[in-house]
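**Q**
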């Protein structure tokens, strides 16, 4: 196993569960919310601020970050005079780069596929689902009124899409941006994991 796996996902599709199970079966590190804690420790910015800014649209620096034109202080650290949201994003950006350099792992969301797009050993998956199955999953996991769950799902996906579309030059959920798109409502979580493992084996063999 030599690949870095990124997973983008619709809300309610089970992307985190699928990614966690895949990581366990492959024996590699898994980063979702864990990434926020790691970025917090590396940057010295409190975790609560990472959580409040998580995958939320603010101001974009990603294109300049990828191009290597991001502002840092003379000692090479994040410039403390940058706006808070930029410092949070930059800390997350650098954390993703760092953990990808350490070896195979799975990273969920947070524009990881775009941040690592120049890495030859990256495999990008997109997990989607049908609304009835997504609604059922969310109702099982969140304390939310049944008549509001669909709106909750749509707004969360819209927030993720706005974040991704603004910070990258690609479109969230567009098939051409990913190696493989999987409908977990049709495969089930276990089937999605098996498909991903099969694709990884094929990709690495070639």
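Numbering (our numbering), first residue to last: 7 to 212. All C-beta atoms, glycine included, are put in the ideal place defined by N, C-alpha and C.
Taking just the CA atoms, how far does residue 198 sit from residue 188?
**A** The straight-line gap from Cα to Cα measures roughly 7 Å.
**Q** In angstroms, rounded to a whole number, what distance separates the CA positions of residue 47 and residue 205?
**A** If I take the Cα positions, the gap works out to 34 Å.
**Q** Using a Cβ distance threshold of 8 Å, determine whether the region 98-111 contacts the region 143-154, with at least three qualifying pairs required.
**A** Counting Cβ pairs under 8 Å, fewer than three are found: no touch.
**Q** On the CB-based measure, 16 or more other CB atoms within 10 Å of its CB, does residue 211 come out buried or exposed?
**A** Label assigned to residue 211: exposed.
**Q** Do residue 34 and residue 144 come within 9 Å of each other at the CB atom, strictly closer than that value?
**A** For residue 144 and residue 34, no; Cβs fall outside 9 Å.
**Q** Check for me: the alpha helix (DSSP H) holding residue 28 runs from which residue to which?
**A** Run containing residue 28: 21-32, per the alpha helix (DSSP H) assignment.
**Q** Thinking C-alpha only, which one of 31, 12 and 19 is nearest residue 38?
**A** It is 12 whose Cα lies nearest to the Cα of residue 38.
**Q** Buried or exposed for residue 173, please, with buried defined as at least 16 other CB atoms from any protein chain shown within 10 angstroms of its CB.
**A** Its Cβ being crowded by 16 or more others within 10 Å, residue 173 is buried.
**Q** Would you please state the rounded distance, in angstroms, between the beta carbons of residue 132 and residue 14? I believe it to be under 8 Å.
**A** Contact flag correct, Cβ pair sits at about 5 Å.
**Q** Leaving out five residues before and five after residue 22 in sequence, what residues of the same chain have Cβ atoms less than 7 Å from its Cβ?
**A** Excluding positions up to five away in sequence, the list reads 38 and 114.
**Q** With a threshold of 16 other CB atoms inside 10 Å of the CB of residue 93, please say whether the residue is buried or exposed.
**A** Classification of residue 93: buried, given that the 10 Å Cβ count is 16 or more.
**Q** Could you give the distance in angstroms between the alpha-carbon of residue 129 and the alpha-carbon of residue 177?
**A** So the alpha carbons of these two residues sit roughly 17 Å apart.
**Q** Could you compute how far the alpha carbon of residue 192 sits from the alpha carbon of residue 135?
**A** Approximately 8 Å, taken between the alpha carbons.
**Q** May I ask you to report which of helix, strand or coil DSSP gives residue 184?
**A** Residue state, collapsed to three classes: coil.
**Q** I need the DSSP call for residue 11, collapsed to helix, strand or coil.
**A** Residue 11 falls in the strand class under three-state DSSP.
**Q** Which one of 208, 57 and 17 has the shortest CA to CA distance from residue 166?
**A** Ranking the options by Cα distance to residue 166, first place goes to 17.
**Q** Can you tell me whether DSSP reads residue 112 as helix, strand or coil?
**A** Note: residue 112 maps to strand in three-state DSSP.
**Q** Quick check on residue 171: does DSSP put it in helix, strand or coil?
**A** Reduced to three states, the DSSP call for residue 171 is helix.
**Q** Given a cut-off of 9 Å on the beta-carbon distance, is the pair residue 25 and residue 190 in contact?
**A** The answer is no: Cβ separation not under 9 Å.
**Q** Using DSSP with H/G/I as helix, E/B as strand and the rest coil, what is residue 150?
**A** In this structure, residue 150 counts as coil in the three-state DSSP scheme.
**Q** Give every residue of the same chain whose Cβ lies closer than 6 Å to the Cβ of residue 183, excluding the five residues on either side of it in the sequence, and list them in chain order.
**A** So the qualifying residues of the chain are 176.
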